[in-house]
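Before any comments, here is the structure.
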Amino acid sequence: YRDATRNNFYEEGVRRWVERHGEPKGGGRVMDIGSGSGLLLFFALRAGAAESIGVEVAPDLKRMSEALFAANVRAGRLPSSSAFKVLHDDGLCMELPQKERSDCLVMELMDGSGFGESMVRVILHAKAKLLAK
Numbered sequence: 009y010r011d012a013t014r015n016n017f018y019e020e021g022v023r024r025w026v027e028r029h030g031e032p033k034g035g036g037r038v039m040d041i042g043s044g045s046g047l048l049l050f051f052a053l054r055a056g057a058a059e060s061i062g063v064e065v066a067p068d069l070k071r072m073s074e075a076l077f078a079a080n081v082r083a084g085r086l087p088s089s090s091a092f093k094v095l096h097d098d099g100l101c102m103e104l105p106q107k108e109r110s111d112c113l114v115m116e117l118m119d120g121s122g123f124g125e126s127m128v129r130v131i132l133h134a135k136a137k138l139l140a141k
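Here my numbering is used: position 22 in the sequence shown is 30, and no number is missing along the way.
Next up, the structure:
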């Protein structure tokens, strides 16, 4: 199953953010809460983000995204110099020091209403504790 339309939309949005808001040599730090397979993080790296950080509560998904990242680097689909990591944590419970915070938050949580999966709480917490000021 491939959802090319939705994936292309996400990739274009991430690419535009990196181009507009990223640093001249390395487009900032992008974080994905509930990063799953890492797809949105891969989009950020392909667009030139300096670093992609996933936050994933499921340990099996964390390991899978790390394996997918390594396979994509080996296949030449992601730059070998990519800074990629996935933190095994709950996006609602973690806090990062200001110097480690991300510049951009991307998320694709699975509830279309905006109120399931604690989306509003996750976004507000991320803004206060995970994103750079």
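Just so you know, even glycine gets a beta-carbon here, dropped at the ideal spot from N, CA and C.
- Three or more beta-carbon pairs separated by less than 8 Å link the stretch 127-141 to the stretch 107-119, which places the two stretches in contact.
- Sequence-distant Cβ neighbours of Glu64 in its own chain, meaning closer than 6 Å and more than five residues away, are Ser43, Lys70, Val94.
- By alpha-carbon distance to Cys101, the top candidate from Leu132, Val26, Glu59, Ala78 is Leu132.
- If you check the CB distance, Met72 and Ser45 come in under 8 Å.
- Here DSSP, grouped into helix, strand and coil, assigns Met102 to coil.
- The alpha-carbon of Thr13 is positioned some 14 Å away from that of Phe51.
- Taking C-beta separations shorter than 6 Å and ignoring five residues to either side along the sequence, Arg28 has no partners in its chain.
- DSSP lists no bridge partner for Val130.
- The DSSP-derived three-state label of Glu59 is strand.
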